[in-house]
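Worksheet: one structure, shown below.
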Amino acid sequence: MSLRGVNVPPLELSANAKRGSKSVVRVNAEGWQNNRLNVESIVLNADAKPLTYNPAKLAFQFIGDSLSAGPGLDNGVDGAWPFLTGEIFKAEHNINAQPGATLIDIESFGNAHGVSFQFFRTEDTGYFYTSDHNFTTAWDFRRDQEPTHVIIHIGANDAAQNITSNAFENTYLTGAAQGQ
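For the sequence shown, the residue numbers in the working numbering are 6 to 185.
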């Protein structure tokens, strides 16, 4: 239900729920590009008791291109293999994937930068074409849960852009072009 910018998610407990059951609300954007999710406030029922969130000990960081971002899937990134893998393992999972992006920092299929640059920024390359893009803000990794596993699945677009294996390998191993 949406009323003038207010979204009320249905959180009713099922008929089989035990008294004292808890609801967990997870907010994520399933789209694979141009997602802006602005949560300005959350209103709780008067009898609601927020609980401290305890993240899972297993934490995956996925980095990739369209093969990880889920374009064309019914549920977008929520139907892509990184999201499903995180769900299967009941792990925390962050997915940084941009269709058409290369690892090496070049323009590729509408992306102004490669992932070796963009991963370290606060917005994806799709915002380059909007009036309020800002590639100057570095991501503050100190606020993130440290991943227990990093999975990088990228390179198809580098091959399509005729990036040499030496240039790809150098960027992969050294993190060249981190934009720092």
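All residues carry an ideal CB built from backbone N, CA and C; glycine is no exception.
Burial state of residue i (16 or more Cβ within 10 Å)
i	result
Pro104	buried
Phe77	According to the sequence shown, residue 77 is Gly rather than Phe. The residue is exposed, with fewer than 16 neighbouring Cβ atoms inside 10 Å.
Arg126	buried
Gly180	exposed
Phe146	exposed
Asp110	buried
Any non-hydrogen atom of the ligand GTP within 6 Å of residue i CB
i	result
Thr179	Looking for the ligand GTP in the displayed structure turns up nothing, as the structure carries no ligands at all.
Identified DSSP bridge partners for residue i
i	result
Gly69	Ala102 and His158
Ala64	Glu97
Arg126	Ala143
Ser113	Asn116
Reduced DSSP secondary structure (H/G/I, E/B, other) of residue i
i	result
Asn175	helix
Ala143	strand
Arg31	coil
Ser46	coil
Ser170	helix
Ser136	coil
Asp83	helix
Ala165	helix
Ala51	coil
Leu89	helix
Within-7 Å CB hit, residue i to chain B
i	result
Asn162	Absent here is chain B; the protein component of the structure consists of one chain.
Anticipated Cβ contact below 8 Å, residue i with residue j, distance rounded
i	j	result
Gln166	Ser113	5 Å
Asn175	Asp70	Asn175 to Asp70, Cβ: 18 Å. No contact.
Counting pairs of Cβ atoms below 8 Å between the region 54-71 and the region 139-153, do you hit three or more? yes
Inspect the CB distances between the region 82-90 and the region 168-178 and report whether three or more fall short of 8 Å. no
Would you be able to state if there are at least three C-beta pairs under 8 Å between the region 45-52 and the region 96-114? no
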